[in-house]
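Residue numbers (this note's numbering): 44 to 476.
We put the CB at the ideal spot given by N, CA and C, even for glycine.
Structure record follows, encoded as structure tokens.
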């Protein structure tokens, strides 16, 4: 039995099992209703995630759980709390609650534990003690996230540069060594000095917090503010040091790949990632701190501190931006000069060609014209990419600052897409009936 006969026998057996088998191929495939197709598309849009894209999103997420993992460092404040999201938040909540209860105990002890209900009521009505646990919790969380951002982005920032691993590791001590504690304390000294020598001895302090004298509660508040200002010093130190070290490394070490690949593949992008993620974190912290200032009133040192943090973030971005542009400027100029030379040479060659009707001459003219066109396009591409280096990253930083709000909106849109898909699916079912 040859192959043709075998195929006929199989077809006959299929028809014997299913008399309509021979007619299925002629029938058109069942078409889904437009509502069902639209619902399916909405569901896919709402829930379909590519593995690679998801990995990039998670990697750039400020609130990635990996940022809460404890990295080996010698920071005083960060070592107080454990690693992991749930243990960290539980410990931070416990510390903040203990601080509030200790303040209440000091207030009760100062009154001799007489009329405890009235004392507790007055204590809980104080705006400072109402918001202080939340502010301290925000400080602890921001400090751990700052550590996670800088530790996870440190090695990636210099991946595309011609720099030895030993030199990269040598700069790590500036971020995770003992000198970080010294830098944080020095940056916080002016604010603590104002609190301790100007605001604390003044009558405004007693009036703002409803105290009659500077007893244990007043000194406890002063110590709590000092801890918060030291944590604030960590933020400022990391932002400023990161910008200075990035600027210094880029002045000495160029990018490894040719300039066209650097611009096309954005090899400079990891250098801006740290600043962009820090901007998102600072935006969240600024919202909480602004709410604290609005509710409690605060004093000028609080406003100056928040403004200084935003100013240092802008300086960090500008230093990184200037360093990247300086690092690429000479290489872009050399590449553009080479392309201009190629263009001029091709133009002179085209001008020297004889206007003949031969096929070979026509092909040569076309090749030269294509070479000229390609050189012009490459020059325009390099110049436009170089000019857009800072603009795109600056817009990205502003969008990153809105990322937490955007995350909430994105989740609302995703659930809205699901509800719309369910509605369209129900409409399709009723229509088919």
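Let me know the secondary structure DSSP gives residue i once reduced to three states.
i           : result
residue 243 : coil
residue 124 : coil
residue 42  : Nothing can be reported for residue 42: it is not among the residues displayed for the chain, which extend from 44 to 476.
residue 254 : coil
residue 212 : helix
residue 193 : helix
residue 235 : helix
residue 85  : For residue 85, the predicted structure reports a pLDDT of 45, less than 50, and the residue's modelled location is therefore unreliable. The matter cannot be settled from this model.
residue 67  : Because residue 67 carries a pLDDT of 43, less than 50, the predicted location of this residue cannot be relied on, and no value is offered for it.
residue 207 : coil
For residue i and residue j, which I take to be in contact (beta-carbon distance under 8 angstroms), what is that distance rounded to the nearest angstrom?
i           : j           : result
residue 290 : residue 227 : The Cβ separation is near 21 angstroms, so there is no contact.
residue 131 : residue 123 : Contact doesn't hold; Cβ gap of about 10 angstroms is too wide.
residue 178 : residue 353 : That belief does not hold up - the Cβ atoms of residue 178 and residue 353 are roughly 18 angstroms apart, past 8 angstroms.
residue 287 : residue 118 : That pair is no contact at about 19 angstroms.
residue 170 : residue 139 : Not really, about 16 angstroms apart at Cβ, beyond 8 angstroms.
residue 342 : residue 242 : 6 angstroms
residue 166 : residue 144 : Not really, about 11 angstroms apart at Cβ, beyond 8 angstroms.
residue 414 : residue 394 : Rounded, the Cβ-Cβ distance is 14 angstroms, inconsistent with contact.
Taking the alpha carbon of residue i as the point to measure from, which residue in the options has its own alpha carbon closest?
i           : options               : result
residue 427 : 163, 121, 206 and 303 : 303
residue 33  : 255, 178 and 266      : In the structure as shown, the chain begins at 44 and stops at 476. Residue 33 is therefore absent and cannot be evaluated.
residue 321 : 343, 355, 347 and 340 : 355
residue 410 : 386, 430 and 433      : 386
residue 370 : 388, 299 and 406      : 299
residue 186 : 425, 126 and 211      : 126
residue 142 : 128, 164, 349 and 172 : 172
residue 229 : 213, 210, 162 and 275 : 275
residue 434 : 368, 198 and 144      : 368
residue 280 : 429, 221, 333 and 392 : 221
residue 282 : 218, 253, 129 and 408 : 218
residue 430 : 415, 406 and 364      : 364
residue 239 : 167, 213, 215 and 267 : 267
residue 374 : 137, 425, 214 and 121 : 425
residue 350 : 156, 285 and 333      : 333
residue 174 : 414, 417 and 335      : 335
residue 211 : 136, 285, 348 and 135 : 285
residue 382 : 297, 159, 416 and 408 : 416
residue 297 : 338, 337, 366 and 244 : 366
Is any heavy atom in the ligand NAP found nearer than 8 angstroms to the beta carbon of residue i?
i           : result
residue 363 : No copy of the ligand NAP occurs in the structure displayed, which carries no ligand at all.
Three Cβ pairs or more, each shorter than 8 angstroms: is that satisfied between the stretch 228 to 236 and the stretch 307 to 315?
no
Counting pairs of beta carbons, one from the stretch 244 to 264 and one from the stretch 188 to 196, are three or more of them closer than 8 angstroms?
no
Which ranges does the alpha helix (DSSP H) cover as unbroken runs of at least 4 residues, wholly within the stretch 321 to 350, from first to last along the chain?
none
At 4 residues or longer, what runs of the alpha helix (DSSP H) sit wholly inside the stretch 129 to 184?
159 to 168
Three or more C-beta pairs closer than 8 angstroms, one from the stretch 239 to 251 and one from the stretch 319 to 329: is that the case here?
no
Can we say the stretch 346 to 361 touches the stretch 309 to 323, given the rule of at least three CB pairs closer than 8 angstroms?
yes
Three or more beta-carbon pairs under 8 angstroms between the stretch 172 to 184 and the stretch 268 to 277, yes or no?
yes
Is it the case that the stretch 420 to 437 contacts the stretch 369 to 379, given that we only count it when at least three CB pairs across the two stretches are under 8 angstroms?
yes
If you scan the stretch 351 to 401 from start to end, which runs of the alpha helix (DSSP H) of 4 or more residues do you find wholly inside it?
none
Are the stretch 278 to 297 and the stretch 196 to 211 touching, with three or more C-beta to C-beta distances below 8 angstroms?
yes
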